[in-house]
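For what it's worth, this note's numbering labels the leading residue of the sequence shown as 84, then goes sequentially.
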Amino acid sequence: MASSSPVRHAWKVLLGLLLVTAALFGINAIGVYGFEKSSWTPELALDLQGGTQIVLSAATEDGADPTQEQLDQAAAIIRQRVDASGVAEADITTEGGRNIVVQIPGVADEETRARIEASAQLEFRSVLYVGDPATEFIGEDGNSTPYPAPDPSANAVPTPEPTDGSDMAWITEKLQGEFLAYDCTDPANDPGSAPADQPLITCDETGTVKYILGPTELTGDAIDDATSGRDQQSAAWTVNLTLDGHGTEVFGKISQRLYQNQIDGLSPRDQFAFVLDGAVISAPQMNAQILNGKPSISGSFTQESAQALADQLRYGALPLSFNTESSDTISATLGTQQLQIGLIAGLIGLALVAVYSLLSYRALGTVIIASIAVMGVLTYIIVCILAWRLGFRLSLAGVAGLIVSIGFTADSFIVYFERIRDELRDGKSITGAVEDGWGRAKRTIYISKSINILAAVVLYILADSTVKGFAFTLGLTTIIDVFIFVIFTHPVMQILARTKFFGGGHKLSGLDPDALGAVYHTRSQYREVTPAKAGRGAKNSRSRGEAERRQTIAERKRAEALTGNRPTDAGSEGER
């Protein structure tokens, strides 16, 4: 019973792999037939599929050309909008001193177009209420229940009429119900299009805090400048604003009101939110009355985060509106021909790996081929799911990453099989060699794959957007490679090692101890080389020489006594 335990475990692991594969196909089927957002084929990027090109022309209030810094910041905000809409592999560049060119794979829907073409406006709103982003509550039955949509008959008119932006009368019965049901992760919620004279339900940029804000009391054009620097007393990083004349007057009145709320303990109504594109980028407390138009934002800033917030506020200080100059369908920059060439190269590489495996490992090579096939199936369905859930698209660089991964995957199996063969040469049984070879090989493979993943992560972070697809697919396939190695390759070897063909060391199995030059039946028994075997040529001569060199002194004396001859020079070297 003990000897069959590894086999039972191996079958359970393979069953688990089958269930995981079925679950992945089920998830993608839900996307295909339930939401109609997924597909059974991976989505292609701009270079392979083509897409939509939108050219935006920036317009300033005085008609002057925007600075390159303003254009770069606007392009960064547009990229955030595009990423938020679920579109990946978009290309966003500045052109000609006042244009921003946006290229999106596929056909851009109206929602994505609206996100791109909308002007980025910075708003200043008072904070009325702060809560967590949960959209569910624990009911009386103990189960988690989603908050319902507000009753259509709920009161939507503030009563009494609010007197300022911090007045709690803004929170009507309907607004409170909408706040509870508001989902920060739902792309259908677009706080950026909310009217300025009404309260706003929104979240911070990370989606971890949910707010009810009062109407807009200032806009970004009230900011003359925004910089980051260290506070002279605390040496902490701060963001320093300079307001124009109108902004100084309005902000002074707001600061008096919010500071009084802090004195009265009316938190969070002592906070003032900076809202960019509908999301709260900062909501500091008002710790003083600021009448000189030079407020300073402090907090747990680093140099980088302070500079990033200053850039966002500075961009809001000079808001750019955009005119759509053109919107055209563009062809693929590389096209299907390049994709076909890449796929042919991948098939050639796969064929070479298969031929090498069969020549070097005979029937054992079929395990390598089967492992790569299973890996291919899992990679394919995961790429389809990522296209649905994360907007991932395959570029030619991504295809290259998949092709390169074939060689990396074969490396894992070669390390494992060579470890098994080393154990066989040392005289172990095939089942023992499989287990011990696994124990030694997996450490080597884990280390090498960790380095591959680390390289992929660094490349993804530091490389240009055109190379990110390569880094992503390389890291993804490396993780899948380790998964297949653990949950498929080793269990299959455990099962095959107990079959007559492989476990018996058939000549074509790739696990024949004699063909591998095994020198011991066990660690204490020398493998005798018979005259018949000795006549097979140089290969057996090398095995016999290796065996003699590995003999102990007692084994050499025993051989000398049986044959009446002195040991060979190689075998006697240890006695001299």
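Built from N, CA and C at the ideal position, the CB exists for glycine as well.
Secondary structure of residue i, DSSP reduced to three states
i, result
"residue 297", "strand"
"residue 237", "coil"
"residue 254", "coil"
"residue 136", "strand"
"residue 473", "coil"
"residue 190", "coil"
"residue 455", "helix"
"residue 286", "strand"
"residue 219", "strand"
"residue 380", "strand"
"residue 130", "helix"
"residue 595", "coil"
"residue 394", "helix"
"residue 280", "coil"
"residue 494", "helix"
"residue 413", "strand"
"residue 582", "coil"
"residue 119", "coil"
"residue 511", "coil"
"residue 166", "helix"
"residue 348", "coil"
"residue 684", "Outside the displayed range of the chain (84 to 659) lies residue 684, so it cannot be described from this structure."
Proximity of residue i and residue j at Cβ, strictly below 9 Å
i, j, result
"residue 405", "residue 139", "yes"
"residue 502", "residue 593", "no"
"residue 246", "residue 239", "no"
"residue 436", "residue 451", "yes"
"residue 568", "residue 495", "yes"
"residue 463", "residue 572", "no"
"residue 291", "residue 216", "yes"
"residue 301", "residue 207", "yes"
"residue 479", "residue 131", "yes"
"residue 352", "residue 211", "yes"
"residue 359", "residue 160", "yes"
"residue 127", "residue 485", "no"
"residue 270", "residue 281", "no"
"residue 197", "residue 185", "no"
"residue 425", "residue 482", "yes"
For residue j and residue i, believed in contact at Cβ under 8 Å, the rounded distance
i, j, result
"residue 296", "residue 285", "7 Å"
"residue 335", "residue 373", "7 Å"
"residue 323", "residue 377", "7 Å"
"residue 393", "residue 311", "4 Å"
"residue 219", "residue 229", "5 Å"
"residue 104", "residue 433", "Between residue 433 and residue 104 the Cβ distance is about 20 Å, and since that is not below 8 Å, they are no contact."
Per DSSP, the bridge partner or partners of residue i
i, result
"residue 212", "295"
"residue 178", "182"
"residue 207", "301 and 357"
"residue 313", "320"
"residue 368", "354"
"residue 363", "287 and 358"
"residue 406", "140"
"residue 306", "326"
"residue 229", "219"
"residue 556", "Residue 556 pairs with nothing; no bridge assigned."
Own chain partners of residue i with C-beta closer than 6 Å, once the 5 adjacent residues on each side are dropped
i, result
"residue 177", "154, 158 and 183"
"residue 357", "364 and 365"
"residue 580", "513, 514, 517 and 586"
"residue 262", "284 and 295"
"residue 584", "592"
"residue 121", "111, 114, 115 and 471"
"residue 214", "293"
"residue 96", "570 and 574"
"residue 51", "Residue 51 lies beyond the stretch modelled for the chain, which goes from 84 to 659, so this question has no answer here."
Contact set for residue i: own chain, Cβ-Cβ below 7 Å, skip 5 residues either direction
i, result
"residue 148", "180 and 181"
"residue 454", "496, 567, 571 and 572"
"residue 457", "567 and 571"
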